[in-house]
Amino acid sequence: MTVDLVEYPLWAAILVSSFLVIGSLLTLIGAIGIVRLKSFYDRIHAPTLATSWGTGGMAVGSMIFFLVGGGRPLVHELLLAAFVTITTPVTLMMLGRAAIYRDRSSARPGIPPLGRRVELNLSEKPSEGELS
Amino acid sequence: MSVVILTVAVWFSQIILALAMMLVAYRLFIGPRAQDRILALDMLYVCAMLQLLVFGVRTGNAIFFEAALIIGMLGFVATVSLAKFLMRGEVIE
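Which chain is which? The protein sequence lines are A and B, in order.
To convert, note that position 77 of the first sequence is 77 in the numbering used here; the numbers rise steadily by one, no gaps.
All you need for the numbering used here is the position in the second sequence, starting with 1, plus 132.
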């Protein structure tokens, strides 16, 4: 299935082009951030530009392109955008926790200390009235 | 007219995405510690997925979206397992 580009409407072409350019430029901004930011905990924020609006712009652009051009169902782009949006916080949270665990276990400077722990008083038995 | 606009936009976004991939590969190369390299690898997966999306728009073919979906899923699994390896020293406990 191919799209006929010669009789493609102009408004859809402008819309698709602007979404593609916006998505790619946001991805480039994220890549510049991943190179230029100083510490790892700053750099872990940079890929979210690519995964939120970079992927969103690209997905919306190709959705409009194939909807106007060929009438293809939009399941692929919706799946892709939803999957990337859901999985990115999970991966970055696990990576950040692994990094701060490594930094704490090797006692590198500049890492914030652990918060004051809530002490569990397990020896004291609750009285009869508190249980019910 | 619309052919010219679409062609220029697709070329531009492919070049921009290639530039982003080069910058991320630079961080993957110089990254001081292991977590920087894993972060750069995750971003590289995302950039490759977007590159395949733009390639699907350029060729007008729907087969590239399945490849992009597979790259997204495998990138998620790879990053999670590498982060778990950093945390524990082993992947499957």
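Built from N, CA and C at the ideal position, the CB exists for glycine as well.
Bear in mind that the values here come from a model prediction, so they are computed numbers and not experimental data.
- By the beta-carbon neighbour count (other beta carbons within 10 angstroms, threshold 16), Arg220(B) is exposed.
- Contact between Ile32(A) and Met175(B) does not hold, since the beta-carbon distance rounds to 11 Å and is not under 8 Å.
- Think of a sphere of 7 Å around the beta carbon of Leu218(B): the chain A residues whose beta carbon falls inside it are Ala98, Arg102, in chain order.
- Using a CB distance cut-off of 8 Å, Ile148(B) counts as an interface residue toward chain A.
- For the region 34-79 of chain A, the continuous alpha helix (DSSP H) assignments of 4+ residues that do not extend past its boundaries occur at 40-43, 55-69, in sequence order.
- Its Cα nearest to that of Pro89(A), the residue Ala50(A) stands out among Ala50(A), His76(A), Arg104(A), Gly61(A).
- Interface flag for Phe161(B) against chain A is unset, since no Cβ pair is found closer than 8 Å.
- Here DSSP, grouped into helix, strand and coil, assigns Leu171(B) to helix.
- Distance between Leu160(B) and Gln167(B), taken at the CA atoms: about 10 Å.
- By the neighbour-count criterion, in which 16 or more other beta carbons inside 10 Å mark a residue as buried, Tyr101(A) falls on the exposed side.
- For Ala99(A), the CB contacts under 7 Å within the same chain, skipping 5 residues up- and downstream, are Phe40 in chain order.
- The Cβ-Cβ distance between Gly188(B) and Ala180(B) does not fall below 8 Å.
- DSSP places Met133(B) outside any alpha helix (DSSP H), giving it a letter other than H or E.
- Sequence-ordered contacts of the region 167-180 of chain B with chain A read Gln167, Asp168, Ile170, Leu171, Ala172, Asp174, Met175, Val178, Cys179 [C-beta pairs closer than 7 Å].
- Leu182(B) is the residue among Ala199(B), Leu182(B), Ala215(B), Thr191(B) whose C-alpha sits nearest the C-alpha of Val60(A).
- The residues Ile170, in chain order, have a CB closer than 7 Å to that of Ala215(B) in the same chain once the five nearest residues on each side in sequence are set aside.
- Within 8 Å of the CB of Ile34(A), the CB atoms of chain B belong to Leu155, Val156, Arg159, Leu171, Ala172, Met175, in sequence order along the chain.
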